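Q: Encoded as structure tokens, here's the structure I'll be asking about.
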Amino acid sequence: MDSESNSGERKRQTPLPYGQLILLLLIQSSEPITATVIYPFIAQLIRSTGITKGEEAKVGYYAGIIESIFFISESLICYQWGLASDKFGRRPILLLGPLGLAIAMTGFGLSHSFWSLVVFRAAQGVFNGNIGVSKTVMAELTDSTNRADAFMLIPIMWACGVTIAPMMGGFLAEPAKSWPNFFGRIPLFVDYPYFLPCFVTGLYAFMTFVIPLFGLKETHPSFKAKTQVLADTGDLTSQTPLLADRNDHSYDATRNQSSPTNCTTATTTAAPSIFNPTLTIVLVNYSFLTFTDMAYAVIIPILYSTSNSLGGLAFSSKRIGAILDTEKNRSEKDVSDRLS
0 MDSESNSGER
10 KRQTPLPYGQ
20 LILLLLIQSS
30 EPITATVIYP
40 FIAQLIRSTG
50 ITKGEEAKVG
60 YYAGIIESIF
70 FISESLICYQ
80 WGLASDKFGR
90 RPILLLGPLG
100 LAIAMTGFGL
110 SHSFWSLVVF
120 RAAQGVFNGN
130 IGVSKTVMAE
140 LTDSTNRADA
150 FMLIPIMWAC
160 GVTIAPMMGG
170 FLAEPAKSWP
180 NFFGRIPLFV
190 DYPYFLPCFV
200 TGLYAFMTFV
210 IPLFGLKETH
220 PSFKAKTQVL
230 ADTGDLTSQT
240 PLLADRNDHS
250 YDATRNQSSP
260 TNCTTATTTA
270 APSIFNPTLT
280 IVLVNYSFLT
290 FTDMAYAVII
300 PILYSTSNSL
310 GGLAFSSKRI
320 GAILDTEKNR
330 SEKDVSDRLS
């Protein structure tokens with residue numbers, strides 16, 4: 000009897016809002032794709048700018064600047080994106096990211112100088128900085144019964160992005176050489192051999208702006224309340240109560256506390272510190288894990304593209320992209336096999 004009563008009291012799992020989650024994951028997918036699409040051809044692109052002055056040993060140094068500036072700018076701006084989403088709402092901040100990414104990726108592909116590459120790569124990181132807001136939205140779309148299942152989709156989305164992007168970058172690089180009868184006749188692709196993969200990636204980012212534009216809903220409780228009031232004005236009668244019952248709780252993107260909206264008076268309380276010993280250990284370990292993963296991800300393509308005289312393999316962009324895609328597929332299969 001006790002077990003039956005306990006199971007009866009156990010909360011049922013709320014169904015996931017798959018429609019909104021798909022739109023949210025679509026926006027999130029632009030980060031891994033824009034971050035890693037340049038890996039197969041970044042070394043060749045650095046050489047073409049002339050910044051190394053013919054010294055191939057310096058290619059890795061300048062490629063490291065290009066690759067790291069993305070994540071540096073992203074980490075510096077993500078808190079500001081969170082503040083903006085608390086002030087202006089989640090939806091406009093999320094939509095601004097992929098729109099800016101589309102412009103930044105196109106500019107990156109049309110760059111001939113090293114420093115213009117740095118500027119546009121930094122811009123890509125800035126517009127990807129709203130990734131924290133997307134996780135806040137995911138928390139606001141779910142509850143305690145289904146939140147873990149929703150967040151489980153994030154690494155799946157990231158894995159798909161980092162698998163597709165290198166293959167796409169290597170396959171589409173230097174199209175005038177690969178398909179001379181078509182792209183070789185277009186001066187744009189002759190003068191800018193790495194524009195096509197950047198343009199296709201920018202086009203994808205623009206698509207992740209357009210599709211959610213017509214379906215993504217606002218999740219910030221304050222903005223949701225305003226929208227609901229406007230939507231319900233058509234049902235007002237002389238007997239409609241002036242004050243409605245509300246029990247919403249918000250998860251501000253920059254605070255770790257829920258804010259009940261049924262308070263009649265504002266109270267100022269200090270936000271509890273999130274940096275407790277347990278969470279600090281988790282964050283430090285996660286930092287080392289991501290550092291190791293990204294270091295491997297950026298060093299391997301440099302090794303593949305370096306000439307044989309300097310200890311490299313002198314692979315082409317297409318071959319590098321194919322190898323990176325195979326590596327990602329194999330590592331993901333190993334992980335899935337272990338989990339199963």
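The sequence shown begins at 0 in numbering that gives the first Met the number 0 and counts up by one.
Beta carbons are placed, not taken as given, at the ideal position from N, Cα and C, and that holds for glycine.
Bear in mind that the values here come from a model prediction, so they are computed numbers and not experimental data.
Report the three-state DSSP secondary structure of N127 (helix, strand or coil).
A: Coil, per DSSP.
Q: Less than 9 angstroms between the C-beta atoms of I32 and M137, yes or no?
A: Taking 9 angstroms as the Cβ cut-off, I32 and M137 do not qualify as a contacting pair.
Q: Can you list, in chain order, the residues of its chain with a C-beta nearer than 6 angstroms to that of C77? Leave out the 5 residues immediately preceding and following it.
A: If we look at C77 and ignore the five residues flanking it on each side, its Cβ neighbours are G128, G131.
Q: Which residues mark the beginning and the end of the alpha helix (DSSP H) in which V284 is found?
A: Note that residue 284 is Asn in the sequence shown, not Val. Here the alpha helix (DSSP H) through N284 covers 276–304.
Q: Can you name, in chain order, every residue of its own chain whose Cβ lies under 7 angstroms from the Cβ of T200, other than the five neighbours on each side?
A: Closer than 7 angstroms at Cβ, skipping near neighbours: I32, T33, V36, M104.
Q: Below 8 angstroms on the Cβ atoms is my contact criterion, and I expect Y193 with A172 to pass it. Report the Cβ-Cβ distance as a whole number of Å.
A: Between A172 and Y193 the Cβ distance is about 6 angstroms, and since that is below 8 angstroms, they are a contact.
Q: Of the residues L44, Q27, K317, which one's Cα is nearest the Cα of S115?
A: Nearest option by C-alpha distance: L44.
Q: In angstroms, rounded to a whole number, what distance separates the CA positions of I280 and Y17?
A: Between I280 and Y17, the C-alpha separation is close to 33 angstroms.
Q: Just tell me which of V209, K52, L82 has its CA closest to the CA of T135.
A: Ranking V209, K52, L82 by Cα distance to T135 puts L82 first.
Q: Using DSSP with H/G/I as helix, E/B as strand and the rest coil, what is A243?
A: Confidence in A243 is poor, its pLDDT being 43 and thus under 50, which makes the residue's placement unreliable; the coordinate value appears in the next sentence. Note: A243 maps to coil in three-state DSSP.
Q: In the structure shown, what three-state DSSP assignment does V118 receive?
A: Residue state, collapsed to three classes: helix.
Q: Going residue by residue through the stretch 137–213, where are the continuous alpha helix (DSSP H) segments of at least 4 residues, counting only ones entirely within it?
A: Whole alpha helix (DSSP H) segments, 4+ residues: 146–150, 152–171, 174–177, 186–190, 194–212.
Q: Just to confirm, are V297 and A62 a CB contact at a threshold of 9 angstroms?
A: Yes; because the gap between Cβ atoms is below 9 angstroms, this pair is in contact.
Q: Give the single residue among F274, A149, N275 whose Cα lies nearest to the Cα of Q12.
A: The option with the nearest alpha carbon to Q12 is A149.
Q: Within a Cβ cutoff of 6 angstroms, which residues of the same chain sit near G311, ignoring the five residues on either side of it in sequence?
A: Cβ neighbours of G311 beyond the five flanking positions: L302, T305.
Q: When you compare each of F222, F181, V161 to D292 by their alpha carbons, which one comes out closest?
A: Considering only alpha carbons, the answer is V161.
Q: Would you give the residue range spanned by the alpha helix (DSSP H) that Q79 belongs to?
A: Residues 58–87.
Q: Taking DSSP as the reference, what is the three-state secondary structure of A101?
A: Three-state result, A101: helix.
Q: Roughly how many angstroms lie between the CA atoms of H111 and N275, to the nearest whole one?
A: For H111 and N275, the distance between alpha carbons rounds to 47 angstroms.
Q: Using 8 angstroms as the Cβ pair cut-off and three pairs as the minimum, do the stretch 149–158 and the stretch 66–75 touch?
A: Verdict: no, contact absent.
Q: Determine the extent of the alpha helix (DSSP H) in which Y38 is found, giving its start and end residues.
A: Careful: Y38 lies outside any alpha helix (DSSP H) and carries neither H nor E.
Q: If you run the structure through DSSP and keep just helix, strand and coil, what is K317?
A: The answer is helix: DSSP assigns K317 an H, G or I state.
Q: One question on the structure: do Q27 and K216 come within less than 9 angstroms of each other, judged by their Cβ atoms?
A: Not closer than 9 angstroms, so no.
Q: According to DSSP, simplified to helix, strand and coil, what is G96?
A: The answer is helix: DSSP assigns G96 an H, G or I state.
Q: Figure out for me which residue from S143, P186, S316 has the closest Cα to the Cα of P39.
A: With distances taken between Cα atoms, P39 lies closest to S316.
Q: Give a yes or no on whether 9 angstroms exceeds the smallest Cβ distance from R89 to chain C.
A: Of the chains in the structure shown, none is chain C; there is only one protein chain.
Q: Skipping 5 residues on each side, what residues in its chain have a beta carbon closer than 7 angstroms to that of L25?
A: Cβ neighbours of L25 beyond the five flanking positions: T207, I210, P211.
Q: With DSSP collapsed to three states, give me the class of G108.
A: In this structure, G108 counts as helix in the three-state DSSP scheme.
Q: Who are the near neighbours of T266 in its chain, counting only those whose CB is closer than 8 angstroms to its CB and skipping five residues on each side?
A: Residue confidence is low: T266 scores 43 on pLDDT, short of 50, so the model does not pin down where it sits. Its coordinate-derived value is still stated next. There are no such residues.
Q: Using DSSP with H/G/I as helix, E/B as strand and the rest coil, what is G53?
A: G53 falls in the coil class under three-state DSSP.
Q: So L75 and G214 are in contact, right, with Cβ under 8 angstroms, and what is the actual spacing, rounded?
A: The pair is not a contact, with the Cβ atoms about 31 angstroms apart (cut-off 8 angstroms).
Q: Tell whether a beta-carbon distance below 9 angstroms holds between G99 and A121.
A: Contact: no.
Q: Short check: CB of R90 to CB of F222, under 9 angstroms?
A: Cβ atoms of R90 and F222: closer than 9 angstroms.
Q: Do you know offhand how far A164's Cα is from V58's?
A: Cα to Cα, the separation comes out at about 22 angstroms.
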